[in-house]
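Written out below as structure tokens is the structure these notes cover.
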Amino acid sequence: EAELGWLNSSLQLAADEPFDLDELLLDVVTRLAGRLEEQQAEAAHLKVIGLWEGFFGVANLVSSEDRPELSLPSNCQVRTVEMIVNARVACDPEWLEQVVRAEVVGAVDSRGASVEFRQVQSFRPGRPVPTHRFDRDD
């Protein structure tokens with residue numbers, strides 16, 4: 152885990168015209184997967200969740216060798232949506248944040264929507280410190 156850049160982000164999207172939430176979620180993950188592949192940054196976990204009036208959809212990428220997938224469709228057309236981006240990638244966390252911001256904006260702009268990043272945390276956790284060790288004889 153100490154080799155991974157972690158990112159947790161919540162944002163609000165708004166548009167004048169309705170758009171397909173599931174298409175947006177899959178587009179964001181696909182755009183991010185492409186950027187990670189360009190930099191040979193291995194994805195350990197990438198999930199994008201869209202929430203709207205009690206409905207939600209989920210798109211994810213479970214490894215760089217897999218394709219992005221819509222794991223839980225919302226089947227919704229929306230004008231506003233709360234979105235959560237959660238990523239664990241073998242890369243610099245600052246680079247990861249820049250890429251997530253750029254690709255989310257690109258996906259949102261293509262739908263004539265606007266985005267407000269409400270909270271973004273990007274970091275690299277420290278190395279784990281085990282509390283118990285086993286002797287070699289055990």
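Under my numbering, the residues of the sequence shown are numbered 152 to 289, in order. Note that the Cβ used here is the ideal one computed from N, Cα and C, for glycine as well.
Minimum C-alpha distance to residue i - residue among the options
i       : options                               : result
Glu-267 : Cys-227, His-196, Gln-228 and Ser-160 : Ser-160
Arg-275 : Gln-228, Ala-166, Glu-188 and Trp-246 : Trp-246
Glu-168 : Ile-235, Val-179, Gly-263 and Gln-270 : Gly-263
Val-213 : Cys-227, Ala-194, Glu-174 and Val-251 : Ala-194
Ser-222 : Gln-270, Gln-272, Leu-177 and Leu-187 : Leu-177
Gln-272 : Asp-260, Val-256, Arg-239 and Ala-258 : Arg-239
Glu-216 : Ala-184, Val-229 and Val-199          : Ala-184
Gln-228 : Cys-242, Gly-208, Pro-219 and Val-256 : Gly-208
Pro-244 : Arg-269, Ile-235, Phe-170 and Leu-187 : Leu-187
Enclosing beta strand (DSSP E) for residue i [first to last residue]
i       : result
Gln-163 : 156 to 171
Ala-241 : Note, Ala-241: premise wrong, no beta strand (DSSP E); not H, not E.
Glu-220 : 220 to 223
Where the alpha helix (DSSP H) through residue i begins and ends
i       : result
Val-251 : 244 to 260
Inter-residue CB distance, residue i and residue j (contact presumed, cutoff 8 Å)
i       : j       : result
Leu-172 : Gly-201 : 5 Å
Glu-254 : Val-179 : 6 Å
Val-259 : Leu-197 : No, Val-259 and Leu-197 are not in contact; Cβ-Cβ is about 17 Å, not under 8 Å.
Arg-269 : Leu-162 : 6 Å
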